[in-house]
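Scroll down for the structure; my scribbles are underneath it.
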Amino acid sequence: MAEFYTTYGFLITSMVLAAAMALSLYLPLMAGQLSLASPGFYAIGGYIAAVLSTQVFHPGPGPYPLYLVLIEMLVAALVSAALAVLVGVPALRLRGIYLALATIAFVEILRILSLNLPILGGAVGIFGIPQPFNTQGEYIWLGLPLLLIAMVFIYRLERTRMGRAFYAIREDETAADAMGINPTATKVIAFTMGAVLAGVVGVIAAHFLNTWNARQGTFDSSINYLAYVLIGGSWTVFGPVVGGLLLTALPEILRGLASFRFILFGILIAVGAIFFPQGIITPELLSRFRRGRQPGRPASGGQQASQTHGPAK
Amino acid sequence: MDQLSSTATIEPVTPGGEVVLEVRGLTRRFGGLVAVNDVAFDVREGEIFGLIGPNGAGKTTVFNMITGLTPVTKGSVALHGENITGLKPYQIAQRGMARTFQNIRLFGNLSALTNVEIARHTHTGSGIIAGVIGLPRARAEERLTRQRALELLALVGLADRAEEKARNFPYGDQRRLEIARALALQPKVLLLDEPAAGMNTGEKAELSDFIRRIRRDFDLTVLLIEHHVPLVMGLCDRIAVLDFGHLIALGAPEIVQRDRRVIEAYLGEGE
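Residue numbers (the numbering used here), protein chains in the order written: chain A, 1 to 313; chain B, 1001 to 1271.
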């Protein structure tokens, strides 16, 4: 087991971070907003960690103290939140694919900025980010708690007043408005939550990868995160997590096929989208699972599994 | 009341309760089309006020302007003396106005219970963190929300199917669920857009009793759009008749029913 983890620790940590990023996309999607801004906030979080740990904090010899990583996370969360409100208020007036386009532009602007700001190391980026751990696999001690906290947070959120407001807007924004829910404020809250999570994941990723540059958190990764959510399932908190874990592991599992693995990976995603239009994890699947464990309790109506509903109506 | 002077049967407001809703010179243009033209009426506290007229007369547009869903081109709407023209729908809802929709707009993929719980949004205030952690006050609020929602579902006869998805309900039940959702807002004024559409004769009779009952039990003022003439005549205290965006009659059902212009415009068309 220890040997297995020595070999695969990097992969497993990557899977966990990918799952957390998928959740950062899922949060605005709960309120029906298809935002691809997550990689932008991820990049910002990474740069905050890189700059603070190489240029601001000077903890002296020995492993980099974890509490400083936590401070970086806090800074990243605050900066991401502030920027999310700033960007979200105008951007969330757009709907559907137009919001997706605007958020891609946001990611692109950040990329160009980071290439041209001297403090961020230009095209070379920032190297030698200090390590709190001896091996990359140990980053699971940061990644896994973060993922679990995010999952519990979202799972609980779905059962509160704000979570229901998210769903109301996802279902019918006009009706939600007429029921006393402020659509703009609610959408900005959902967007900001996703941004904060992405920023915090970026902090872990910067230390984990040891280096940070403008190739982190680009448009490509937006599409990957979107695939995690759509293939995993965009209707429950478990879908994006399963999607993120699975799709990150899949290219490695297929490694034996050399370059062909990318072709097979593409085919599997296409097939997955056809046979699981709602994603792998659906509310119906979960309620069946719960019904199996609690006999006698009626499942919350899932008779219409065949009727698909894209998240970005 | 000079805005009302030009037409045939427009009764001065019957003396009664305080004016709850005051509509003045309400006008809506869509491009060159004037969908609603200079419509004015008062609705008194506790009234059941009917808005009728042929298809395309502008009834739903009036509702949409009153609730803020459609911007007002000209004119004003006041609720309890406060000018609410130009406010956002959610702001109007927060001031005590709830509605249902002609083409049912439930949150289809959510359970009946959740649909009703959502409308308690403005009457709850727990913070996000308090709710997620489950602090005692947030828990108590959550329990109350659930309990109230279940009571409202019981009121419309859907308590035993609280966990079912709203989209799976038959048409009539969806209309009842929409009323339950609107009542969860604890409104002072309730707007029902064709509440009897798609109901059979028995259900329509029940609906009349039901609307009277909720008016009494929830201290409501009710505005309703309805096509089914016997229902409107039997239920409403006063009726406003729209034709091509104009208010052509306003008054008690017996009086409006005899109005020549109303008969020509609406009742004469073999409804």
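The beta carbon of each residue, even a glycine, is placed where N, CA and C say it ideally should be.
Values in this document were obtained by computation on a predicted structure and should not be read as measured data.
With residue i and residue j assumed to form a contact (beta carbons below 8 angstroms), what rounded beta-carbon distance in angstroms separates them?
i          : j          : result
ASN1103(B) : ARG1181(B) : Not confirmed; about 15 angstroms, so no contact.
THR160(A)  : GLY1131(B) : 3 angstroms
ALA249(A)  : MET15(A)   : 6 angstroms
VAL196(A)  : ALA81(A)   : 5 angstroms
ARG1161(B) : ALA1112(B) : 6 angstroms
TYR26(A)   : ALA198(A)  : TYR26(A) to ALA198(A), Cβ: 11 angstroms. No contact.
PHE219(A)  : GLU108(A)  : 7 angstroms
LEU113(A)  : GLY122(A)  : Between GLY122(A) and LEU113(A) the Cβ distance is about 11 angstroms, and since that is not below 8 angstroms, they are no contact.
Taking 8 angstroms as the cut-off, decide whether the C-beta atoms of residue i and residue j are in contact.
i          : j          : result
GLY88(A)   : VAL188(A)  : yes
LEU1158(B) : ARG1176(B) : yes
ALA270(A)  : LEU230(A)  : no
GLY46(A)   : GLY279(A)  : no
LYS1204(B) : ALA1196(B) : yes
ILE169(A)  : ALA176(A)  : yes
ARG1222(B) : ILE1052(B) : What sits at residue 1222(B) in the sequence shown is Val, not Arg. Contact flag unset, no.
GLN33(A)   : PHE191(A)  : yes
ALA1166(B) : GLN1174(B) : yes
ALA49(A)   : ILE149(A)  : no
LEU1192(B) : THR1100(B) : yes
ALA22(A)   : GLY233(A)  : no
ILE1214(B) : GLU1194(B) : no
LEU1079(B) : ARG1095(B) : yes
THR314(A)  : GLN136(A)  : Since the first and last residues shown for chain A are 1 and 313, residue 314(A) lies out of range.
SER24(A)   : GLY194(A)  : yes
ILE1248(B) : ARG1260(B) : no
Given a threshold of 16 other Cβ atoms within 10 Å of its Cβ, counted over all protein chains shown, does residue i qualify as buried or as exposed?
i          : result
LEU1033(B) : exposed
HIS207(A)  : buried
TRP235(A)  : buried
ARG93(A)   : exposed
ILE154(A)  : buried
VAL124(A)  : exposed
HIS1228(B) : buried
VAL152(A)  : exposed
TYR228(A)  : buried
TYR1090(B) : buried
MET1001(B) : Any reading at MET1001(B) must be qualified, since the residue scores a pLDDT of 39, below 50, and its modelled position is unreliable; no value is offered.
SER1006(B) : The pLDDT assigned to SER1006(B) is 43, lower than 50, so where the model puts this residue is not dependable; a value taken from the coordinates is nonetheless given after this. Burial call: exposed.
HIS1246(B) : buried
ALA185(A)  : exposed
ASP1219(B) : exposed
LEU1021(B) : buried
GLY266(A)  : exposed
VAL51(A)   : buried
TYR67(A)   : exposed
ILE1239(B) : buried
Which residue's Cα is closest to the Cα of residue i: the options?
i          : options                                        : result
ARG1028(B) : GLN1257(B), GLY1086(B), VAL1019(B), ASP1042(B) : GLY1086(B)
VAL1039(B) : MET1097(B), LYS1059(B), ILE1128(B), PRO1089(B) : LYS1059(B)
VAL1062(B) : GLY1096(B), ARG1044(B), GLY1025(B)             : GLY1025(B)
TYR225(A)  : TYR5(A), ALA18(A), LEU11(A)                    : ALA18(A)
ASP1209(B) : ARG1044(B), CYS1236(B), VAL1020(B)             : CYS1236(B)
GLU1141(B) : ALA1265(B), GLY1127(B), ILE1263(B), ALA1154(B) : GLY1127(B)
VAL203(A)  : THR103(A), LEU86(A), SER53(A), PHE289(A)       : SER53(A)
PRO1230(B) : PRO1253(B), GLY1046(B), VAL1036(B)             : PRO1253(B)
ILE1066(B) : THR1145(B), PHE1041(B), ILE1133(B)             : PHE1041(B)
VAL201(A)  : SER38(A), GLN55(A), ILE97(A)                   : SER38(A)
ALA1265(B) : ARG1148(B), ASN1109(B), ILE1255(B), ALA1057(B) : ALA1057(B)
LEU1155(B) : LEU1242(B), TYR1171(B), LEU1135(B), GLU1178(B) : GLU1178(B)
GLN55(A)   : GLU252(A), GLY163(A), PRO118(A)                : PRO118(A)
SER222(A)  : ASN210(A), GLY256(A), ALA105(A)                : ALA105(A)
According to DSSP, is residue i helix, strand or coil?
i          : result
LEU1087(B) : coil
LYS1188(B) : coil
MET179(A)  : coil
LEU36(A)   : coil
GLY1251(B) : strand
ARG1176(B) : helix
GLU1082(B) : strand
TRP212(A)  : strand
ILE1052(B) : strand
PHE1023(B) : According to the sequence as given, residue 1023(B) is Val; it is not Phe. Of the three classes helix, strand and coil, the one that applies to VAL1023(B) here is strand, per DSSP.
PHE1030(B) : strand
THR1221(B) : strand
ASN1037(B) : strand
ARG93(A)   : coil
SER234(A)  : coil
GLY296(A)  : Note that GLY296(A) has pLDDT 44, beneath the 50 cutoff, so the model's placement of it is unreliable and no number is given.
Should residue i be counted as a contact of the ligand HEM given a C-beta to heavy atom distance under 7 angstroms?
i       : result
THR7(A) : No copy of the ligand HEM occurs in the structure displayed, which carries no ligand at all.
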